[in-house]
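Read through the structure below, which is laid out as structure tokens, and then see the notes.
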Amino acid sequence: MSYMIVMTAQKLDGKSVSAEMRAEIKQQTEALIARGMRPGLGVILVGEDPASRSYVSAKEKACAEAGILSREVLLPADATKAQILAEVQNMNQADDIHGILVQLPLPDSSIEEEVLNNILPEKDVDGFHPVNVGRMMLGLPTFLPCTPHGILHLLKRSGFSTAGTHVVVVGRSNIVGRPLANLLSQKHELGNATVTVCHTGTPDIGSFTRQADIVIAAVGRPNVITADMVREGAVVVDVGVNRVEDDTRPRGYRLVGDCEYGAMLDKVAAITPVPGGVGPMTITMLLFNTLESARRHLSAGV
Ligand code: GUN
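Under this note's numbering, think of the first position of the sequence shown as 1024, with each following residue one higher.
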């Protein structure tokens, strides 16, 4: 008699891992508040992009649930660079704000670099300031960027060690692909992997992803990583959050990742759903960094 083994993938459940971590963060926040320090996050949102609006709302709700103060500044889409920089300065100087987040993309992406460079590195809880990017590269203490850091914790808490594995990262953005590849290659508990980075200049991406123990898709286009591009038993992390039209949904769209989720379920060992995978982890690590920043302010006596 022969049996066919049909694998059903484990769900890499960012929602439940986030709930676990947020409970820890809330407890530590309460302990800090008892010492007279309430962590505070300042959020600057420019324009009315619906996806950005919804991310910012989710971040504020998460702050409130964790006991973290959040203050939002909403600027119109045609706000000038000077106006945005003035708000950054206000938050740099505000004693009750320990973390500053400027939601990206800005309507005028050409000013993003200058805006990010004006956030004080010690309040840069996104980890996007060049000083913090440099410190991350060197393995020095810093604020790690939230999505890459969240992915590493999601894998660890789901029982998957990256040490000694071959990870293929598809995408080389400053926010996800590049920092993730760097962190994964570092000699620490959440890294120690052999890393390949694929991007728009890579011919035949599938020939690389098929060699991976762990595939991380951070492309930003629906279903570009198909089931035939991953090997049986691989672990798949899908960073994509893409809106596709869907008239059956009340909002007229649904969210899908970069991977062919349904077709991969019977093939891979584990996969993140979209939504409910990486997204909640990003917000969790933002809370983590804001708490850490407040702690540092307290111990520095600022
Ligand atoms: N836009 C997409 N992801 C992020 C993020 O992690 N931080 C900010 N500030 N903007 C984003």
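All C-beta atoms, glycine included, are put in the ideal place defined by N, C-alpha and C.
Item, Value
"Candidates Val1253, His1211, Gly1187: closest to Gly1162 by CA position", "His1211"
"Top-ranked residue by Cα proximity to Glu1232, from Gln1209, Pro1245, Leu1207, Val1192", "Here the sequence assigns Thr to residue 1232, which means Glu is not the residue at that position. The residue with the shortest Cα to Cα distance from Thr1232 is Val1192."
"Three-way DSSP call (helix, strand, coil) for Glu1135 in this model", "helix"
"First through last residue of the beta strand (DSSP E) which encompasses Ala1250", "Where Ala1250 is concerned, there is no enclosing beta strand (DSSP E), given that its DSSP letter is neither H nor E."
"Cys1086 CB to nearest heavy atom of ligand 1 below 6 Å", "no"
"Burial state of Met1030 (16 or more Cβ within 10 Å)", "exposed"
"DSSP three-state assignment for Ile1048, whether helix, strand or coil", "helix"
"Pair within 7 Å by beta-carbon distance, Ile1306 and Lys1049", "no"
"Minimum length 4: unbroken alpha helix (DSSP H) runs contained in the stretch 1160–1243", "1169–1180, 1200–1208, 1228–1232"
"contact_flag[the stretch 1236–1254, the stretch 1269–1288] where n(CB pairs < 8 Å) is 3 or more", "yes"
"Whole-angstrom distance between Leu1178 and Ser1184, CA atom to CA atom", "7 Å"
"CA-to-CA distance, Glu1135 to Pro1226, given in whole angstroms", "30 Å"
"Beta-carbon proximity check, Val1218 vs Ala1235, cutoff 7 Å", "no"
"Leu1161 beta carbon near ligand 1 (any heavy atom closer than 6 Å)", "no"
"Beta-carbon gap between Leu1098 and Val1069 smaller than 7 Å", "yes"
"heavy atom of ligand 1 below 6 Å from Asp1269 C-beta", "no"
"Spatially closest choice to Leu1206 from Gly1263, Pro1171, Ser1080, Arg1318, by CA coordinates", "Pro1171"
"Cys1282 Cβ short of 6 Å to ligand 1 heavy atom set", "no"
"Closer than 6 Å: residues whose CB approaches a heavy atom of ligand 1", "Leu1124, Val1125, Gln1126, Leu1127, Asp1149, Cys1169, Thr1170, Ile1198, Thr1305"
"Member of Phe1151, Ser1077, Leu1167, Pro1062 whose CA lies at the smallest distance from the CA of Asp1119", "Pro1062"
"Complete runs of the beta strand (DSSP E) confined to the stretch 1091–1150 [at least 3 residues]", "1092–1098, 1122–1125"
"Reduced DSSP secondary structure (H/G/I, E/B, other) of Val1264", "coil"
"Counterpart residues of Gly1063 in DSSP-defined beta bridges", "Leu1092"
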